[in-house]
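Student: After the structure tokens below, expect a handful of questions from me.
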Amino acid sequence: MPHPDVPHEQAYVDEAYRCLEAMRERTARVAELSDSAAQAVDSAVVQAHLHHRLTTLDTDVPGLAFGRLDEDPVLAPGPEPESWYVGRRHVEDVHGDPVVVDWRADVSIPFYRATAVDPLGLQRRRRFMMTDRRIDDLFDEVFDDPDSVDAAHHGGIPDPLLAELERSRTGEMRDIVATIAAEQDQVIRAPLDSCLVVQGGPGTGKTAVGLHRAAFLLFEHRQKLDQEGVLVIGPNPLFLRYIAQVLPSLGETAVRQTTLDRLLAGTAYRMRAHDDDTVARLKGDARLAIVLAQAVSAVRRPVDEPLAATTGWGTVRLAPEVVEAAIKEVVARGVPHNVGRSALRTQLTRLVRQELGERRGEEFARSLDLEARLRTDKDWNRALDRLWPGLAAGALVRRVLTSRTALRAAAAGILDAGEQQALLRPTTKRIDDEPWTEADLPLLDEAQWLVAGPPPAYGHVVVDEAQDLSAMGLRALARRCPTRSMTVLGDLAQATAPAAQSSWEIVVGHLGSPGTARRVDLDLGYRVPAALMDYANRLLPVAAPDVVPTRSVRLDGRPPRLVAVDGQDGPGGTDALVAATTATVGELAAVWGTVGVVAPDAVRRGLAADLPATVVAPDEAKGLEFDAVVVVEPVAIGSSPDEARNLRLLYVVLTRAVQELVVLHTGTLPDALGTGIG
347 MPHPDVPHEQ
357 AYVDEAYRCL
367 EAMRERTARV
377 AELSDSAAQA
387 VDSAVVQAHL
397 HHRLTTLDTD
407 VPGLAFGRLD
417 EDPVLAPGPE
427 PESWYVGRRH
437 VEDVHGDPVV
447 VDWRADVSIP
457 FYRATAVDPL
467 GLQRRRRFMM
477 TDRRIDDLFD
487 EVFDDPDSVD
497 AAHHGGIPDP
507 LLAELERSRT
517 GEMRDIVATI
527 AAEQDQVIRA
537 PLDSCLVVQG
547 GPGTGKTAVG
557 LHRAAFLLFE
567 HRQKLDQEGV
577 LVIGPNPLFL
587 RYIAQVLPSL
597 GETAVRQTTL
607 DRLLAGTAYR
617 MRAHDDDTVA
627 RLKGDARLAI
637 VLAQAVSAVR
647 RPVDEPLAAT
657 TGWGTVRLAP
667 EVVEAAIKEV
677 VARGVPHNVG
687 RSALRTQLTR
697 LVRQELGERR
707 GEEFARSLDL
717 EARLRTDKDW
727 NRALDRLWPG
737 LAAGALVRRV
747 LTSRTALRAA
757 AAGILDAGEQ
767 QALLRPTTKR
777 IDDEPWTEAD
787 LPLLDEAQWL
797 VAGPPPAYGH
807 VVVDEAQDLS
817 AMGLRALARR
827 CPTRSMTVLG
837 DLAQATAPAA
847 QSSWEIVVGH
857 LGSPGTARRV
867 DLDLGYRVPA
877 ALMDYANRLL
887 PVAAPDVVPT
897 RSVRLDGRPP
907 RLVAVDGQDG
917 PGGTDALVAA
927 TTATVGELAA
937 VWGTVGVVAP
947 DAVRRGLAAD
957 LPATVVAPDE
967 AKGLEFDAVV
977 VVEPVAIGSS
987 PDEARNLRLL
997 YVVLTRAVQE
1007 LVVLHTGTLP
1017 DALGTGIG
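Numbered according to our numbering, the sequence shown spans residues 347 to 1024.
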């Protein structure tokens, strides 16, 4: 039977929706008046603010209020204890009094952090279990009654959280504002100036925590971050589609969500090729930053003769040592190459004007339009181009990767002969035809920074699956956040990219070792049932021996089902695996809302297009979740000569299921996975 207070609370929530609708109507009327107002200077700014506010007042939001806090009357600061309804939006009545307080407000903190040991001034916390706008049931934790607190939990998990974990997946990540755990809330509310590194195993909620942290920071620092922007980096487009609705569901739409390669490529570079693991690892090495810097320096030529300027008022010859001193002065400023080129031109023009002033008087020299005259002096310009030529990032990287001579000069003392040979590739007739690869993009970004200066910056950057970013990729992200206000999310046990990271200390170093950097570990898993998590954890002693295994709070759950398939069509048994996969998906789709299939290329190609499942390659599975998952031929997952890396990829694949995992195999299983299920 539902709690007897459900009708009362439902009436309150219904009234909250009416108040939200009234707020939206009032804002819409003001926006209409603003749109038709006179051409005020700040009219566009006001309209933009009002239209943004309208998007945050969307009334089609489920679970507008998902809980209630009642202050302890003994500790309440006022004459009467307050009650606060906590929800996804701030809602107020016509008098401006709060009806629902935003989950990000300070008053909401006890909803996530109060315990029987430290109730944070509460007498009671009430949690709603909801379907859309309807309260199905509610659970109370009365903090001066330990039995009440215990009754609202199972194995330490609040009932609403347990219900949410058991709910069927829809193929999109949902927000977790109603079920944020205390350790997650600490991360979400960390100060803006933190460079926060979050190590979290599968199902610990690190992705959701990162997105909710972005929403919290936008709430706390609205003006600053609306102006400077928030950037969210995900590992692949499939992942971005999966998380796409989380921030909009929280009323936040002004956030850029993209992948690192899309961010860096823009419209300038088209990826046409793929590097093998050895080359990709080398291109991701931080030493390439030094190589590119030396390649930039190498284009400047020594001064071996006087620099002549034909001015129309006499020829001025600047001595080599004078020109060399000017070059050294500009280099010492540490400005981007092309900025330095302009600065050198200005400096040398000043020296020419100074010489003319000594000859014909300072007043005469000041009156000359010397800059315009020298722009038409072909010899002068040719000499400057030789001393300090202009550069384009693409041309610079192309030269380093295709010219043995240029690479040898730039990489001297940094890369050995074998590494230099591995980097070289044939040149193309046109730079537009250059076969750029994903691993080239951070090099091009580094070169662009060296040549033209830093890219546009963001006020905060969230990067997920950061363990798979190369050193050069991390440097590219650091450039986009000079303050290092960052949320860096990942799991070293899921490091599978060729240039992946092995420690968070190294990651922080590649980000510039900011003084605000600190690490937080999330080791409680909420998504993957204990039986499945324990099964995947068997791989860690070889895959990631230094990582602490994730502990699942979901003690109930089905163990993985291992199904041996008779591969009669030969080694690998592709046809038999395709048939078995199809049959298994049909069985699971009849029970669960979402089914995922992770399989080798040959099996994926054989599956029907209308299969009721999402079919992904192993390296596309990261960050995704499904009610049920079919893993096909685990020994074929991963093709690296590095066994630990292959097992890390398998670890990722085995931890995508929320309810049921089926493993299909024709031959042997990896040693750690073949026995002891039950």
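For every residue, glycine included, the Cβ atom is placed at its ideal position computed from N, Cα and C.
Since Ala741 and Val637 should fall inside the 8 Å C-beta cutoff, what is the C-beta to C-beta distance between them, to a whole number of angstroms?
Tutor: Within the sequence shown, residue 741 is the residue found at index 395, counting from 1. Within the sequence shown, residue 637 is the residue found at index 291, counting from 1. In fact, because the Cβ distance is near 15 Å, the residues do not count as touching under 8 Å.
Student: Is Arg821 closer than 8 Å to Pro801 when the C-beta atoms are compared?
Tutor: The count along the sequence shown starts at 1 and reaches residue 801 at position 455. The count along the sequence shown starts at 1 and reaches residue 821 at position 475. No.
Student: Which residues mark the beginning and the end of the beta strand (DSSP E) in which Glu971 is found?
Tutor: Stepping through the sequence shown from its first residue, residue 971 is reached at position 625. Careful: Glu971 lies outside any beta strand (DSSP E) and carries neither H nor E.
Student: So for Leu957, helix, strand or coil by DSSP?
Tutor: Locating residue 957 in the sequence shown gives position 611, where the first residue counts as 1. If DSSP states are grouped into helix, strand and coil, Leu957 belongs with coil.
Student: Would you give the residue range spanned by the beta strand (DSSP E) that Leu431 belongs to?
Tutor: Taking the sequence shown and counting its residues from 1, the one referred to as residue 431 is at position 85. The question names Leu, but residue 431 in the sequence shown is Tyr. Per DSSP, Tyr431 belongs to the beta strand (DSSP E) from 429 to 433.
Student: Please determine, among His856, Cys365, Val911, the residue with the shortest C-alpha to C-alpha distance to Asp440.
Tutor: Taking the sequence shown and counting its residues from 1, one reaches residue 440 at position 94. Correcting the residue type first, residue 440 is Val in the shown sequence and not Asp. That would be Cys365, whose Cα lies nearest to the Cα of Val440.
Student: Using a Cβ-Cβ cutoff of less than 8 Å, which residues in the same chain neighbour Leu868 once the five nearest sequence positions on both sides are dropped?
Tutor: As a first step, residue 868 must be located in the sequence shown, where it is residue number 522. The answer, listed in chain order, is Glu529, Gln530, Val533, Val544, Gln545, Gly546, Gly547, Thr550, Gly551, Lys552, Val555.
Student: So who's on the other strand from Met475, going by DSSP bridges?
Tutor: As a first step, residue 475 must be located in the sequence shown, where it is residue number 129. Answer is Asp483.
Student: Would you mind reading off the limits of the alpha helix (DSSP H) that contains Gln573?
Tutor: Reading the sequence shown from its first residue, position 227 is the one you call residue 573. Counting along the chain, the alpha helix (DSSP H) containing Gln573 begins and ends at 568 to 574.
Student: Ignoring anything shorter than 4 residues, give me the alpha helix (DSSP H) runs that lie fully in the stretch 804 to 857, in order along the chain.
Tutor: Listed in chain order, the complete alpha helix (DSSP H) runs (minimum 4 residues) inside the stretch 804 to 857 are 817 to 825, 850 to 856.
Student: For the beta strand (DSSP E) that Thr605 lies in, which residues bound it at each end?
Tutor: By one-based count along the sequence shown, residue 605 stands at place 259. 601 to 605 is the span of the beta strand (DSSP E), which, as asked, contains Thr605.
Student: So, for Val625: in the same chain, excluding its five sequence neighbours on each side, which residues have a beta-carbon less than 6 Å away from its beta-carbon?
Tutor: As a first step, residue 625 must be located in the sequence shown, where it is residue number 279. Taken in chain order, the residues that qualify are Ala768.
Student: Who does Met617 pair with in a DSSP beta bridge?
Tutor: In the sequence shown, residue 617 corresponds to position 271, counting from 1. DSSP output for Met617 lists Trp782 as bridge partner(s).
Student: Report yes or no: do the stretch 1005 to 1015 and the stretch 967 to 982 share at least 3 C-beta pairs separated by less than 8 Å?
Tutor: Yes, the stretch 1005 to 1015 is in contact with the stretch 967 to 982.
Student: Looking at Glu670 and Val649, is the spacing between their C-beta atoms short of 8 Å?
Tutor: Working through the sequence shown from its first residue, we reach residue 649 at position 303. Working through the sequence shown from its first residue, we reach residue 670 at position 324. Cβ atoms of Val649 and Glu670: closer than 8 Å.
Student: Classify Gln591 as helix, strand or coil using the three-state DSSP reduction.
Tutor: In the sequence shown, residue 591 corresponds to position 245, counting from 1. Coil, per DSSP.
Student: With which residues is Glu417 paired in a DSSP beta bridge?
Tutor: Locating residue 417 in the sequence shown gives position 71, counting from the first residue. DSSP output for Glu417 lists Leu468 as bridge partner(s).
Student: Give the range of the beta strand (DSSP E) segment to which Arg663 is assigned.
Tutor: Looking up residue 663 in the sequence shown gives position 317. Segment 661 to 664, the beta strand (DSSP E) holding Arg663.
Student: Can you pull the DSSP bridge partners for Leu908?
Tutor: As a working note, residue 908 is residue 562 in the sequence shown. Per DSSP, Val1009.
Student: Pick from Val937, Leu870, Arg687, Asp404: whose alpha carbon is nearest that of Ala729?
Tutor: Counting from one through the sequence shown, the residue named residue 729 turns up at place 383. The candidate whose alpha carbon is nearest that of Ala729 is Arg687.
Student: Under three-state DSSP, which class holds Leu868?
Tutor: As a working note, residue 868 is residue 522 in the sequence shown. Three-state result, Leu868: strand.
Student: Can you give the Cα-Cα distance for Arg633 and Leu761, rounded to whole angstroms?
Tutor: The sequence position of residue 633 within the sequence shown is 287, counting from 1. The sequence position of residue 761 within the sequence shown is 415, counting from 1. C-alpha separation (whole angstroms): 8 Å.
Student: Determine the DSSP secondary structure at Thr774, reduced to helix, strand or coil.
Tutor: Here residue 774 is taken as the residue at index 428 of the sequence shown, counted from 1. If DSSP states are grouped into helix, strand and coil, Thr774 belongs with coil.
Student: Once you ignore the five residues that flank Pro456 on each side, which residues in its own chain have a CB closer than 8 Å to its CB?
Tutor: Numbered from 1 along the sequence shown, position 110 holds the residue referred to as residue 456. Excluding positions up to five away in sequence, the list reads Leu415, Pro465, Leu466, Gly467, Leu468, Arg471.
Student: Just checking my contact of Val445 with Ala362 at CB under 8 Å: how many whole Å lie between their CB atoms?
Tutor: Walking along the sequence shown from the start, residue 445 turns up at place 99. Walking along the sequence shown from the start, residue 362 turns up at place 16. The Cβ separation is near 5 Å, so the contact holds.
Student: Is it right to say Met347 is buried, meaning 16 or more other beta carbons lie within 10 angstroms of its own, or is it exposed?
Tutor: Your numbering for residue 347 matches position 1 in the sequence shown. Burial call: exposed.
Student: When you compare only the Cα positions, how much space is there between Val488 and Glu417?
Tutor: Here residue 488 refers to the residue found at position 142 when the sequence shown is read from its first residue. Here residue 417 refers to the residue found at position 71 when the sequence shown is read from its first residue. For Val488 and Glu417, the distance between alpha carbons rounds to 11 Å.
Student: On a Cα-Cα basis, can you pick out the residue from Arg459, Ala963, Glu784, Glu717 that is closest to Ala524?
Tutor: Sequence index remark: in the sequence shown, residue 524 carries index 178 (1-based). Selected option, being the one with the closest Cα: Arg459.
Student: For a quick check, are the C-beta atoms of Val924 and Val931 less than 8 Å apart?
Tutor: Taking the first residue of the sequence shown as position 1, residue 924 is located at position 578. Taking the first residue of the sequence shown as position 1, residue 931 is located at position 585. In this structure, Val931 does not lie closer than 8 Å to Val924 by Cβ.
Student: Nearest to Trp734 by CA position, among Ile526, Val645, Pro906, is which residue?
Tutor: Position 388 of the sequence shown, counted from the first residue, corresponds to residue 734. Measuring from the Cα of Trp734, the nearest candidate turns out to be Val645.
Student: Candidates Leu878, Thr661, Arg712, Pro844: which alpha carbon is nearest Asp631's?
Tutor: Numbered from 1 along the sequence shown, position 285 holds the residue referred to as residue 631. Out of Leu878, Thr661, Arg712, Pro844, Pro844 has the C-alpha closest to the C-alpha of Asp631.
Student: Is the beta carbon of Gln603 closer than 8 Å to that of Ile481?
Tutor: Indexing the sequence shown from 1 puts residue 481 at position 135. Indexing the sequence shown from 1 puts residue 603 at position 257. Contact flag unset, no.
Student: Among Arg663, Val447, Asp478, Gly680, which residue has its Cα nearest to the Cα of Phe565?
Tutor: Counting from 1 along the sequence shown, the entry for residue 565 is found at position 219. For the residues Arg663, Val447, Asp478, Gly680, the minimum Cα distance to Phe565 belongs to Val447.
Student: Work out the CA separation of Leu789 and Ala614 for me, nearest whole Å.
Tutor: For the purposes of this step, residue 614 is taken as the residue at position 268 of the sequence shown. For the purposes of this step, residue 789 is taken as the residue at position 443 of the sequence shown. For Ala614 and Leu789, the distance between alpha carbons rounds to 14 Å.
Student: Write down the C-beta distance between Arg754 and Thr657 rounded to the nearest angstrom, noting that I regard them as a contact closer than 8 Å.
Tutor: Position 408 of the sequence shown holds residue 754. Position 311 of the sequence shown holds residue 657. Wrong, their Cβ atoms sit about 41 Å apart, outside the cutoff.
Student: Using beta carbons (cut-off 8 Å, strictly below), is Val943 in contact with chain C?
Tutor: The displayed structure is made up of one protein chain only, and chain C is not part of it.
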